[in-house]
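Okay, so the sequence shown: first residue is 1 according to full-length UniProt numbering, each after it adds one.
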Amino acid sequence: MPRLHIVSTSTRPVSLGRPLASWAAGIAAEHGGFEVNPVDLAEINLPFLDEPEQPAARAYVHPHTHTWSALVESGDALVFVLPMYNGSFTAPLKNAIDFLYHEWKGKAVGLVSYSAGPTGGAPAAAAIRPVLQRLGTRLAEQDVAVPGITGLVGEDGTFTAPEGLADELTAVLDQLAKLLTEEPVGE
Ligand SMILES: Cc1cc2nc3c(=O)[nH]c(=O)nc-3n(C[C@H](O)[C@H](O)[C@H](O)COP(=O)(O)O)c2cc1C
Numbered sequence: 001m002p003r004l005h006i007v008s009t010s011t012r013p014v015s016l017g018r019p020l021a022s023w024a025a026g027i028a029a030e031h032g033g034f035e036v037n038p039v040d041l042a043e044i045n046l047p048f049l050d051e052p053e054q055p056a057a058r059a060y061v062h063p064h065t066h067t068w069s070a071l072v073e074s075g076d077a078l079v080f081v082l083p084m085y086n087g088s089f090t091a092p093l094k095n096a097i098d099f100l101y102h103e104w105k106g107k108a109v110g111l112v113s114y115s116a117g118p119t120g121g122a123p124a125a126a127a128i129r130p131v132l133q134r135l136g137t138r139l140a141e142q143d144v145a146v147p148g149i150t151g152l153v154g155e156d157g158t159f160t161a162p163e164g165l166a167d168e169l170t171a172v173l174d175q176l177a178k179l180l181t182e183e184p185v186g187e
């Protein structure tokens, strides 16, 4: 069974995306097509890129880079659960992507964005797409956008999904599963 990392990418201590990512991991487990592995970028705790060589050289010297590399390598697919900050993707997500290079190639990737406002972070997802395409990931055609995140996470830290969101995420998971059955382009 393919392995899917559900990556909560906010590094804030009280991230509202963390409950959303937990919910998404539950939906992915119910989907049944993946072995699901929840990942929290805050726990990965990467510094700003501090490798002396370019990531494409894969000459990592730091244990945190080896750990992150091995984790990404261990998955066939990833769903990034990403907040929108100031109209775009966040620095910690871009930093975590920039840390690696070859590891991204061929991964099937889905995007679940969220924001306090009405866009649900769709501009952040749209902005990170070309970065992920450049690295040779295979992106699901659709993204999932979750607007009004502040009203969907209760004081007890649980996420209440709006109607239809589970179906939207399931459609993305179906796309990821399908992508993994196809030959990667150019290989
Ligand atoms: C630095 C920063 C910038 C933000 N910019 C936006 C924004 O452009 N649009 C929006 O709707 N919400 C914005 N917000 C609100 C976030 O969507 C909201 O705080 C959300 O909970 C952030 O995700 P997180 O809690 O998982 O870090 C911003 C929040 C932060 C911390």
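Beta carbons are placed, not taken as given, at the ideal position from N, Cα and C, and that holds for glycine. Please read these numbers as outputs of a predicted model, since none were measured by experiment.
query, result
"A145 (DSSP reduced to helix, strand or coil)", "strand"
"Cβ contact check for the stretch 157 to 169 and the stretch 115 to 131: 3 or more pairs under 8 Å", "no"
"Cross-strand partners of P83 (DSSP beta bridge)", "Y114"
"First through last residue of the alpha helix (DSSP H) which encompasses E35", "Note, E35: premise wrong, no alpha helix (DSSP H); beta strand (DSSP E) at 35 to 40."
"T158 beta carbon near ligand 1 (any heavy atom closer than 7 Å)", "no"
"Member of S113, L169, S69, G32 whose CA lies at the smallest distance from the CA of P55", "S69"
"Exposed unless 16 or more other CB atoms sit within 10 angstroms - verdict on A57", "exposed"
"C-beta contact flag for N37 and L4 at 8 Å", "yes"
"Strand pairing of H5, partner residues [DSSP]", "N37, L78"
"Distance between beta carbons of M84 and F34, contact taken as under 8 Å", "About 26 Å; that fails the 8 Å criterion."
"Three-state class that DSSP yields for R58 in the structure shown", "coil"
"Secondary structure of R134, DSSP reduced to three states", "helix"
"G117 beta carbon less than 8 Å from that of P147", "yes"
"Residue nearest to S115 in terms of C-alpha spacing, selected from G136, A145, T137", "A145"
"N45 CB to nearest heavy atom of ligand 1 below 7 Å", "no"
"Host alpha helix (DSSP H) of W23 (start-end)", "17 to 31"
"Nearest-angstrom Cα separation, counted from L139 out to D174", "12 Å"
"Counted within 10 angstroms of its Cβ, other Cβ atoms place S74 as buried (16 or more) or exposed", "exposed"
"Best match in E183, G87, D50, V172 for proximity to F80 [C-alpha to C-alpha]", "V172"
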